[in-house]
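S.K.: In this note's numbering, the protein residues as written are -11 to 341.
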């Protein structure tokens, strides 16, 4: 090899090395900043689940703003009614534990996958107490390649990275009502239920050691255990399916038939449940609580006045918490609850054989 050829080859090698160095040090475009197939957490590495104070869920149907208020989560779009804490915890847990896989989606597949993101209209924004976004996910469509592989959900993450995950985000399509707490856990431990119709007690059922007993059963009759148990279970399992608010048509708010149920809980708190129906067959339920009156002696009340005062203060606090959670709203429930609970005294009994 001549001296001239050696110089030429050295020059070419130097040029190639220089080009490689330049490529290495020039910042890459945002879309190329991640490695294809790299596993990344959905939430930041230094993320603490307790930092989540707001969750905003947007889709083509509605927007739901969930925010933490003390120990409870509430729904801004439903006049701050209490949200289902279990569902929120499930979403946060999944977000904390789920991994996504970075993926560059070819342009010809972007429309199928739901990009640009606004085509799907679904996003979840996680914020801290100051409203600062911790993480935001814009959801593309779910892609099933029908090849026996797991279904993928395409995502756009905070920094416009595209990724896939097998976590399908069902909550992203929920409306505010779907986020609302449906059950009333405060009604699970009852010891006495009294049905009052037009200020006149209709029947009373007591519960003790797993058995429900109808009071004032006349001679020659016995309680219909199934009917009695059904009444107690109907109280304990009332489901809240929505709320009546200022947007509710007037004819739906013209309630006629009304029934009151006074529930004495095991801890002595008294809960008042008012059920009402209208011409359309809707059933409304209103809830309120109060501590027992001073004149009423508490079960197991001690001679220690200070200890008794502590119990009554605790009951007052529990009543205030209950009312803050429920008293403001008129809820919707299912018609079968009204039908089951408004049976007459005689309908809870049967003739002895």
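Note that the Cβ used here is the ideal one computed from N, Cα and C, for glycine as well.
#1: By the three-class DSSP mapping on this structure, what secondary structure does residue 117 have?
#2: For the segment 171 to 182 against the segment 59 to 71, are there 3 or more C-beta pairs whose distance is under 8 Å?
#3: I'd like the span of the beta strand (DSSP E) that includes residue 252, first residue to last.
#4: DSSP on residue 332, reduced to helix/strand/coil?
#5: Along the chain, where does the alpha helix (DSSP H) containing residue 218 start, and where does it finish?
#6: Report yes or no: do the segment 284 to 300 and the segment 186 to 195 share at least 3 C-beta pairs separated by less than 8 Å?
#7: Near residue 217, what residues of its chain come up, given a Cβ to Cβ distance below 6 Å and the 5 sequence neighbours on each side ignored?
#8: Kindly provide the ranges of any beta strand (DSSP E) runs that are 3 or more residues long and lie completely inside the segment 41 to 90, ordered along the chain.
#9: Looking at the structure shown, is residue 349 part of a helix, part of a strand, or coil, going by DSSP?
#10: CB residue 222 to CB residue 328, shorter than 7 Å?
#11: Could you give the distance in angstroms between the alpha-carbon of residue 76 and the alpha-carbon of residue 275?
#12: Is residue 295 near the ligand SAM, in the sense that its beta carbon is under 6 Å from a heavy atom of that ligand?
#13: Given a cut-off of 7 Å, decide if residue 285 and residue 228 are closer than it, judged by their beta-carbon atoms.
#14: Does residue 151 have its Cβ less than 7 Å from a Cβ in chain B?
#15: Using the three-state DSSP reduction, which class does residue 141 fall into: helix, strand or coil?
#16: If you compare alpha carbons, which of 310, 207, 315 is closest to residue 341?
#17: Would you kindly work out how many angstroms separate the C-alpha atoms of residue 150 and residue 144, rounded to a whole number?
#18: Report back the beta-carbon spacing between residue 322 and residue 163 to the nearest angstrom; my notes put them in contact at under 8 Å.
#19: Between which two residues does the alpha helix (DSSP H) holding residue 167 run?
#20: Under 7 Å, do residue 202 and residue 211 count as touching if we go by C-beta distance?
#21: For residue 48, does the count of other Cβ atoms within 10 angstroms reach 16, so buried, or fall short, so exposed?
#22: Can you tell me whether residue 339 is buried or exposed? The criterion is at least 16 other CB atoms within 10 Å of its CB, across all chains shown.
#23: Contact check, residue 239 vs residue 264 under 8 Å by CB: the rounded distance?
#24: Rounded to whole angstroms, how far is the Cβ of residue 110 from the Cβ of residue 154, which I believe are closer than 8 Å?
#25: Identify, in the order they occur along the chain, each residue of the same chain with its Cβ nearer than 7 Å to the Cβ of residue 37, setting aside the five sequence neighbours on each side.
#26: In three-state DSSP terms, what is residue 174?
M.R.: On the basis of the supplied data:
#1: To locate residue 117, count along the chain shown from 1; it is residue 129. Of the three classes helix, strand and coil, the one that applies to residue 117 here is coil, per DSSP.
#2: no
#3: Taking the chain shown and counting its residues from 1, one reaches residue 252 at position 264. Segment 246 to 253, the beta strand (DSSP E) holding residue 252.
#4: Here residue 332 refers to the residue found at position 344 of the chain shown. Of the three classes helix, strand and coil, the one that applies to residue 332 here is coil, per DSSP.
#5: Walking along the chain shown from the start, residue 218 turns up at place 230. Taken as a continuous stretch (DSSP letters only), the alpha helix (DSSP H) holding residue 218 covers 213 to 224.
#6: no
#7: Stepping through the chain shown from its first residue, residue 217 is reached at position 229. Cβ within range, chain order: 200.
#8: 42 to 46, 51 to 57, 60 to 63, 87 to 90
#9: Not covered by the structure: residue 349. The range shown for the chain is -11 to 341.
#10: For the purposes of this step, residue 222 is identified with residue 234 of the chain shown, where counting begins at 1. For the purposes of this step, residue 328 is identified with residue 340 of the chain shown, where counting begins at 1. In this structure, residue 328 lies closer than 7 Å to residue 222 by Cβ.
#11: As a first step, residue 76 is located in the chain shown; it is residue number 88 there, counting from the start. As a first step, residue 275 is located in the chain shown; it is residue number 287 there, counting from the start. Residue 76 and residue 275: Cα-Cα distance of roughly 24 Å.
#12: This structure lacks the ligand SAM, and indeed carries no ligand of any kind.
#13: Here residue 228 refers to the residue found at position 240 of the chain shown. Here residue 285 refers to the residue found at position 297 of the chain shown. Taking 7 Å as the Cβ cut-off, residue 228 and residue 285 do not qualify as a contacting pair.
#14: The structure shown contains no chain B; it holds only a single protein chain.
#15: Here the question's residue 141 lines up with position 153 in the chain shown. Strand at residue 141.
#16: Residue numbering aside, residue 341 sits at position 353 when the chain shown is read from its first letter. Among 310, 207, 315, the Cα nearest to that of residue 341 belongs to 207.
#17: Residue mapping note: residue 150 aligns to position 162 of the chain shown, counting from 1. Residue mapping note: residue 144 aligns to position 156 of the chain shown, counting from 1. Roughly 5 Å between the two C-alpha positions.
#18: Here residue 322 refers to the residue found at position 334 when the chain shown is read from its first residue. Here residue 163 refers to the residue found at position 175 when the chain shown is read from its first residue. Actually they are not in contact, since the Cβ atoms of residue 322 and residue 163 sit about 19 Å apart, beyond 8 Å.
#19: As a position in the chain shown, residue 167 is number 179, starting the count at 1. That run of the alpha helix (DSSP H) goes 164 to 167.
#20: By one-based count along the chain shown, residue 202 stands at place 214. By one-based count along the chain shown, residue 211 stands at place 223. Contact flag set, yes.
#21: For the purposes of this step, residue 48 is taken as the residue at position 60 of the chain shown. Residue 48 is exposed by the Cβ-count criterion.
#22: Here the question's residue 339 lines up with position 351 in the chain shown. Exposed is the call here.
#23: As a working note, residue 239 is residue 251 in the chain shown. As a working note, residue 264 is residue 276 in the chain shown. Not really, about 14 Å apart at Cβ, beyond 8 Å.
#24: Along the chain shown, one-based indexing puts residue 110 at 122. Along the chain shown, one-based indexing puts residue 154 at 166. Not confirmed; about 17 Å, so no contact.
#25: Indexing the chain shown from 1 puts residue 37 at position 49. So the list reads 80, 84, once near-sequence residues are dropped.
#26: For this step, residue 174 is matched to residue 186 along the chain shown. Note: residue 174 maps to helix in three-state DSSP.
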